[in-house]
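Here is the structure we will look at.
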Amino acid sequence: MLQFVIGILGLLIVSAHPHAEPLKLEKVADGVYVHHGVHEDLSEGYHGDICNIGFIIGSKGVAVIDSGGTFKVGQRFREAISKVTGLPVLYVINTHVHPDHIYGNAAFSADNPQFVGHARLADAMERRRDAYQRMHQEWLGDEFAGSEIIKPSLTVENQLTLDLGDRQLTLTAYPAAHTNTDLTVADSKTNTLWTGDLLFVERTPSIDGDIKGWITVTESLGKLTPGLVIPGHGPVVTDSRKALADQKRYLSTLLEDIRNSIKKGEVMESAMDTAAATEKGKWVLFDIVNRRNVNNIYPALEWE
Amino acid sequence: MFQSISTKSYLFLAVLLLPFSSNALAEADPKIWPVIKEAFFSNRPIEEASFIQLTAPKRAESGAQVPFSIALDNSQADAKAIKKIYVIVDANPIQLAATYNLTEALGKFSLSTRIRLETDSFVRAIGETADGKLYMAAIPIRAAGGCGGIIDANEAEVRAAAGKIKMNVESPVKFGAATPTTFIIKHPMRTGLQRDLVSQGFLPPFFINKATFTYNNKPVFDVDFNVGTSEDPYLKFDFVPSEPGTLEVKATDNEGKSFSHHVDVKG
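From first to last, the protein sequence lines are chains A and B. Just so we're aligned: 139 in numbering that gives the first Met the number 0 is position 140 of the first sequence, and the numbers increase by one with no gaps anywhere. Just so we're aligned: 191 in numbering that gives the first Met the number 0 is position 192 of the second sequence, and the numbers increase by one with no gaps anywhere.
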């Protein structure tokens, strides 16, 4: 009898996996697919699916670019990929350390891929492990089950090229900008650029690295001429100049307003109410993210 | 007359009492305080006081740098004046964030600082009078600690920069009137609970433990910091210079190094 029960349970567990509801995908170019998350804050009410994740298919196999915010979202993503192609997942690339981009990694363990990230990603993951674990447990509870940190097995110091067969992906690592672990992925075949969170469209850019570094990187991305740009958050854009200009304007305004507040000898909390106020209404989640940005970067800017 | 509480400041007990719930969203837990109260102020009555006013965000944007202000309604010249304020964060692993020793040179005490919150917690200011009476105000703050991006820093650079001071006295100064003064000292304020990726253990505590402000060599303000005060400790407070002179600060860290800085006040 007990064996029978275990057998039934085993069937349930086995069958639960392949029937994970596949994530919705958008095909944006030949062999290039994106799933768009929803604009939720990383806080209470977060469900683990807020950023752009996707994949690129070559003749030899697939490269996944960011894996989603939980193991369960990763499973649904894996399910969606298998509806499109039976080719193996060769690489899982993490564009940076943020949890909405990395916690689906474990759903790809069975593919035995190379996990790829910035040279500083492993350390950043380790430093944040405890805090991420605790916050996600609180926000997501059982929805977070199975999620784990999986560090890169292949790292990018400056640049790295991956051959997917009939197309090459060029991965570029950046100095501290959105985070200190940012990576972009350029596809040779379709001239598509994945920026990770180095570019936000619609959603207020959140700063967890170096605002000055990020302004510089935003400018340098503007010198590239991709045919298609997939940002970390928000819709895919064919002309990235406007999106990059919007982001640069927000970041520069914020930096200037904070510098003025410091010069005036204000307390940080008044800048949290007023800095970059001219940008309000132009971005989603502005009130939450902008205040947090001020809180994160103000103390360091006092030492300029 | 002040009772020393320094030996009890490393109290880990309260954290063990925190219920670890997997799904229910935590909120500032009022049940921790009785335990801490007994550890810090055993058998001493504490009266809730409306003359101690606290200001902080209801929900902290960054648990690493939570703006927190204390203002007292009564003057330092008052017979029942608060002479010492303990700032306690109930749910922090190390609850005592700082102790402020006040003098009449501060006028009506008004301070803005930045503290660390590991999780949702009540934050309290407990004021002590010269004759040992205790008064308290408390506010709940929601916070998630540690997520505020730790950029890996070069240890040699961190140590070389530690102790650098910026101090500013708002001008023009009106002698005899409250004058806003800002003090910041560069320091990582390591808690002892941060991971060391090299040893796989924890980085040892490394923090500014004291800052003493004097004006023309007379005491103004004396702060005992603990690691609940944020990285690069920040103080903005009013003081009342009676005549032209020099505001001087001397600070020390827990490794015995000392740092100093001064500002000439001309009016």
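Just so you know, even glycine gets a beta-carbon here, dropped at the ideal spot from N, CA and C.
Using a Cβ-Cβ cutoff of less than 6 Å, which residues in the same chain neighbour residue i once the five nearest sequence positions on both sides are dropped?
{"i": "K235/B", "result": "S111, T181"}
{"i": "T171/A", "result": "Q158, T183"}
{"i": "H304/A", "result": "The requested residue 304/A does not occur in the structure, where chain A is confined to residues 0 to 303."}
{"i": "D221/B", "result": "N100, T211"}
{"i": "E156/A", "result": "A118"}
{"i": "G79/A", "result": "The residue asked about is misnamed: residue 79/A is Ala in this sequence, not Gly. Taken in chain order, the residues that qualify are P21, L22, L24."}
Only counting the same chain, and skipping five residues up and downstream in sequence, which positions put a Cβ closer than 8 Å to that of residue i?
{"i": "R189/B", "result": "L202, P203, P204, F205, F206, V226"}
{"i": "D89/B", "result": "A13, A27, D28, I31, W32, I35, S120, F121, V122, R123"}
{"i": "E25/A", "result": "Y32, V33, H34, H35, V235"}
{"i": "T160/A", "result": "Q167, L168, T169, L170"}
{"i": "A177/B", "result": "G106, K107, S109, D237, F238, V239"}
{"i": "D29/A", "result": "K188, T189"}
So residue i and residue j are supposed to be a Cβ contact under 8 Å. How far apart are they, rounded?
{"i": "G68/A", "j": "P98/A", "result": "6 Å"}
{"i": "G106/B", "j": "I51/B", "result": "Not really, about 16 Å apart at Cβ, beyond 8 Å."}
{"i": "K163/B", "j": "K185/B", "result": "4 Å"}
{"i": "P66/B", "j": "R113/B", "result": "6 Å"}
{"i": "I81/B", "j": "Y134/B", "result": "7 Å"}
{"i": "A48/B", "j": "A136/B", "result": "6 Å"}
What is the DSSP secondary structure of residue i, reduced to helix, strand or coil?
{"i": "I12/A", "result": "Because I12/A carries a pLDDT of 47, less than 50, the predicted location of this residue cannot be relied on, and the following value inherits that uncertainty. Of the three classes helix, strand and coil, the one that applies to I12/A here is helix, per DSSP."}
{"i": "T94/A", "result": "coil"}
{"i": "E47/B", "result": "strand"}
{"i": "W193/A", "result": "strand"}
{"i": "V61/A", "result": "strand"}
{"i": "Y131/A", "result": "helix"}
{"i": "A270/A", "result": "helix"}
{"i": "G73/A", "result": "helix"}
{"i": "P33/B", "result": "helix"}
{"i": "G255/B", "result": "coil"}
{"i": "S8/B", "result": "The predicted position of S8/B is uncertain, since its pLDDT is 37 and thus under 50; no value can be drawn from it."}
{"i": "D223/B", "result": "strand"}
{"i": "A176/B", "result": "coil"}
{"i": "V235/A", "result": "coil"}
{"i": "A38/B", "result": "helix"}
{"i": "T224/A", "result": "coil"}
{"i": "S263/B", "result": "Correcting the residue identity first, residue 263/B is Asp in this sequence and not Ser. The answer is strand: DSSP assigns D263/B an E or B state."}
{"i": "G148/B", "result": "Confidence at G148/B is low in this model, with a pLDDT of 41, below 50, so its placement is unreliable and the value that follows should be read with caution. Coil at G148/B, not helix or strand."}
{"i": "V155/A", "result": "strand"}
{"i": "V88/A", "result": "strand"}
Name the one or two DSSP bridge partners that residue i has.
{"i": "I184/B", "result": "I164/B"}
{"i": "T190/B", "result": "The partner list for T190/B (beta bridge, DSSP) is empty, contrary to what the question assumes."}
{"i": "R141/B", "result": "R58/B"}
{"i": "N51/A", "result": "H35/A"}
{"i": "A210/B", "result": "V222/B, A250/B"}
{"i": "S120/B", "result": "I140/B"}
{"i": "E41/A", "result": "Correcting the residue type first, residue 41/A is Leu in the shown sequence and not Glu. According to DSSP, L41/A bridges with nothing at all."}
{"i": "P230/A", "result": "G195/A"}
{"i": "I267/B", "result": "No statement about residue 267/B is possible, as the shown extent of chain B runs from 0 to 266 and does not include it."}
{"i": "E25/A", "result": "V33/A"}
{"i": "K217/B", "result": "Y214/B"}
{"i": "L53/B", "result": "I69/B"}
Can you tell me where the beta strand (DSSP E) holding residue i begins and where it ends?
{"i": "L234/B", "result": "233 to 238"}
{"i": "T251/B", "result": "244 to 252"}
{"i": "I287/A", "result": "No beta strand (DSSP E) holds I287/A; the alpha helix (DSSP H) holding it covers 285 to 300."}
{"i": "K107/B", "result": "107 to 114"}
{"i": "Q158/A", "result": "158 to 162"}
{"i": "T252/A", "result": "Where T252/A is concerned, there is no enclosing beta strand (DSSP E), although the alpha helix (DSSP H) it sits in stretches over 239 to 263."}
{"i": "T98/B", "result": "95 to 101"}
{"i": "A118/A", "result": "Careful: A118/A lies outside any beta strand (DSSP E) and carries neither H nor E."}
{"i": "I87/B", "result": "81 to 88"}
{"i": "V197/B", "result": "Per DSSP, V197/B belongs to no beta strand (DSSP E) and is neither H nor E."}
{"i": "T84/A", "result": "Per DSSP, T84/A belongs to no beta strand (DSSP E) and is neither H nor E."}
{"i": "D317/A", "result": "Summary: the structure shown does not reach residue 317/A, with chain A confined to residues 0 through 303, and so no result is reported for it."}
Could you tell me the boundaries of the alpha helix (DSSP H) in which residue i lies?
{"i": "L71/B", "result": "Per DSSP, L71/B belongs to no alpha helix (DSSP H); it is in the beta strand (DSSP E), 65 to 74."}
{"i": "K211/A", "result": "210 to 220"}
{"i": "Y173/A", "result": "That residue, Y173/A, is in no alpha helix (DSSP H); it is neither H nor E in DSSP."}
Under 7 Å Cβ to Cβ from residue i, same chain only, skipping five residues before and after it: list those, please.
{"i": "V209/A", "result": "According to the sequence displayed, residue 209/A carries Asp and not Val. Closer than 7 Å at Cβ, skipping near neighbours: A175, A176."}
{"i": "E242/B", "result": "F174"}
{"i": "D186/A", "result": "V31, I55, R166, L168"}
{"i": "C50/A", "result": "G36, D65, D99, H100, G231, H232"}
{"i": "R240/A", "result": "G221"}
{"i": "P179/B", "result": "E169, K235, D237"}
{"i": "Q75/B", "result": "L101, T102, E103, L105, G106, F108"}
{"i": "S251/A", "result": "I214"}
{"i": "I287/A", "result": "D40"}
List, in order along the chain, the chain D residues whose C-beta lies closer than 8 Å to that of residue i?
{"i": "P298/A", "result": "The structure shown contains no chain D; its protein chains are A and B."}
Verify the contact flag: residue i, CB atom, against every heavy atom of the ligand ZN, threshold strictly below 6 Å.
{"i": "Y131/A", "result": "The ligand ZN is not part of the structure shown, which contains no ligands of any sort."}
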